[in-house]
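S.K.: Numbering (our numbering), first residue to last: 953 to 1235. Sharing a structure here in structure tokens format.
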Ligand SMILES: [Zn+2]
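Here's what the structure looks like:
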């Protein structure tokens, strides 16, 4: 629908593709103006093949990968905040003064408030409070985005950043428990060892299915999502679980994306057919 604006705020190149690639492509194709903000260049992510990047070049390479993915999904505007990837919890990278998790809260929030007032999105997307699987940058980007969403609408806060803007909805990307169950079934059917998967699932069982408010069918744009994932080739090597399952199974799993409504507070069990449903003439 023309005139709709969607803002997605994530931490690393590839965060946008796994959970929301189909959705971003779907809305972009429908004429929605899609802005993607990425806090870091993912400097301490994986390197699937040493010929793709070195630890020194990884941030630069992943910026190119993100640009490739954004173009593939039809994203209108890509904004990098330029913080450093903080690494997994408990690693030495956590201590780097340039790491996103060490950025002053006020600084990040002000930048996001400024962007929200400039872009004036109707819908904002970010991670849920645990960041999907607990990555410190995912948790930080969640926290800062939620705070900025609140403050952007308050005319008493940061008047120098422009007129207050109240977005209509804030959603969290939510990978539901049932998704992991389906993945596990796929692994079992191939005779794969699920020990590590089960251990992780015990720690991080996924978002409760009854707290999913939107399940968007994205089979029309799943190819764009698949191609966007392949743009992130340093992260999406042959060892990736999604590369080990049969392509048809993975595309089937990836053909639905799930969101939890964070603001306004949903009614228990509330279901919406799309992120913009009921907003002006949205869907
Ligand atoms: Zn990430």
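Idealized CB from N, CA, C, for every residue including glycine. Just so we're clear, the structure is a prediction, and the values are computed from it rather than from any experiment.
On the three-state DSSP scale, how would you describe residue 1235?
M.R.: Confidence is the limiting factor: at residue 1235 the pLDDT is only 48, short of 50, which leaves the residue's position unreliable, though a coordinate-based value still follows. Secondary structure of residue 1235 (DSSP, three-state): coil.
S.K.: If I measure Cβ to Cβ from residue 1222 and keep anything under 8 angstroms in the same chain, skipping five residues before and after, which residues do I get?
M.R.: 1165 and 1213
S.K.: Is there at least one non-hydrogen atom of ligand 1 closer than 7 angstroms to the beta-carbon of residue 963?
M.R.: yes
S.K.: Tell me which residue opens and which closes the alpha helix (DSSP H) that residue 1064 is part of.
M.R.: Unbroken alpha helix (DSSP H) run through residue 1064: 1057 to 1071.
S.K.: From the DSSP output, read off the bridge partner residues of residue 960.
M.R.: Looking at the DSSP assignment, residue 960 forms a beta bridge with 988 and 1077.
S.K.: From residue 966 to residue 1016, what distance separates their C-alpha atoms?
M.R.: If you take the alpha carbons of residue 966 and residue 1016, they lie about 11 angstroms apart.
S.K.: Report the rounded CA-to-CA distance for residue 960 versus residue 1159, giving the unit in angstroms.
M.R.: 19 angstroms
S.K.: Closest to residue 971 by C-alpha separation, out of 1148, 1149, 1170 and 1062, would be which residue?
M.R.: 1170
S.K.: Is the beta carbon of residue 956 sitting closer than 8 angstroms to the one on residue 1211?
M.R.: no
S.K.: Excluding five sequence neighbours on each side, which residues of the same chain lie with their C-beta closer than 7 angstroms to the C-beta of residue 975?
M.R.: Only residues of its own chain outside the window of five on either side were considered, and among them 1168, 1170 and 1209 have a CB closer than 7 angstroms to the CB of residue 975, listed in chain order.
S.K.: With a threshold of 8 angstroms on Cβ separation, who are the neighbours of residue 1217 within its own chain once the five nearest residues in sequence on each side are excluded?
M.R.: Taken in chain order, the list of residues that qualify is empty.
S.K.: State the DSSP-derived secondary structure class of residue 1024, mapped to helix, strand or coil.
M.R.: helix
S.K.: Let me know if residue 1191 comes out buried or exposed under the rule of 16 or more other beta-carbons within 10 Å of its beta-carbon.
M.R.: Classification of residue 1191: exposed, given that the 10 Å Cβ count is below 16.
S.K.: Does ligand 1 have even one heavy atom less than 7 angstroms from the beta-carbon of residue 1184?
M.R.: no
S.K.: Let me make sure I understand the geometry here. Which of 1143, 1137 and 1021 has the alpha-carbon closest to that of residue 1184?
M.R.: 1021
S.K.: One question on the structure: do residue 1061 and residue 1122 come within less than 8 angstroms of each other, judged by their Cβ atoms?
M.R.: no
S.K.: According to DSSP, is residue 1181 helix, strand or coil?
M.R.: helix
S.K.: Tell me whether the region 1174 to 1182 and the region 1143 to 1151 touch, counting them as touching only if at least three CB pairs, one residue from each stretch, are closer than 8 angstroms.
M.R.: no
S.K.: Pick from 1054, 1143 and 978: whose alpha carbon is nearest that of residue 1034?
M.R.: 1054
S.K.: From the DSSP output, in three-state form, read off residue 1210 for me.
M.R.: Three-state DSSP puts residue 1210 in a strand.
S.K.: If I follow the unbroken alpha helix (DSSP H) through residue 1031, where does it start and stop?
M.R.: That residue, residue 1031, is in no alpha helix (DSSP H); its beta strand (DSSP E) goes 1029 to 1035.
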